[in-house]
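Input: a single structure, listed below in structure tokens.
In our numbering, the protein residues as written are 5 to 178.
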């Protein structure tokens, strides 16, 4: 910094304070033997005040600082698998006799997926699927038994399901 003297890594002493201290020290002057006792005491107290000021600037106030709580780290997946991700809708032609009820007995919802290789209520994510990177899903439905390492995402309309299509992706299992 221009006009400051570095004291510690993150603080500095203004030049004006430094020069004012030097001027006070130089005005005291003379040898120790010729000075009256009161002048010696004032010099000692001036030096002590200066040291306290430098300590305060260098190290900050002697107040305990409470550290900010750390944000909890997001949970790490237990396993990552490559799977085929497909989409389905609740049209009776594409489902069983109860198109809005999942195999686990829940009502269909965007956060519920179908997967045969995972237990019900397993939490998963799809970090590579655009638009789904930050979302978490719960396994709550099953697929046709011939599909093993595949997941089916539910969409409210059949057009959305067709637009999604079939994608090779990674599933993060939590």
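The C-beta atom is built at its ideal place from N, Cα and C for all residues, glycine as well.
Problem - Where residue 92 falls, given that 16 or more other Cβ within 10 Å makes a residue buried - result: Buried, by the Cβ-count rule.
Exercise for the section: Check residue 83 in the structure and name its three-state DSSP category. Expected result: In the structure shown, residue 83 sits in a strand (DSSP, three-state: E or B).
Exercise for the section: Look at the Cβ atom of residue 172, then the Cβ atom of residue 146, and state whether they are nearer than 8 Å. Expected result: No, they are not a contact pair.
Exercise for the section: With DSSP as the reference, please indicate the residues paired to residue 4 in a beta bridge. Expected result: Because the chain here runs from 5 to 178, residue 4 falls outside it and cannot be looked at.
Problem - Top-ranked residue by Cα proximity to residue 142, from 124, 130 and 153 - result: When only C-alpha atoms are compared, the closest one is 124.
Problem - Same chain, Cβ closer than 7 Å to residue 110, neighbours up to 5 away in sequence not counted - result: Excluding sequence positions up to five before and after residue 110, its CB lies within less than 7 Å of the CB of 116 and 144, all in the same chain and listed in chain order.
Problem - Rounded Cβ spacing between residue 129 and residue 139 (contact assumed at less than 8 Å) - result: At roughly 7 Å, the Cβ-Cβ gap stays under 8 Å, so residue 129 and residue 139 are in contact.
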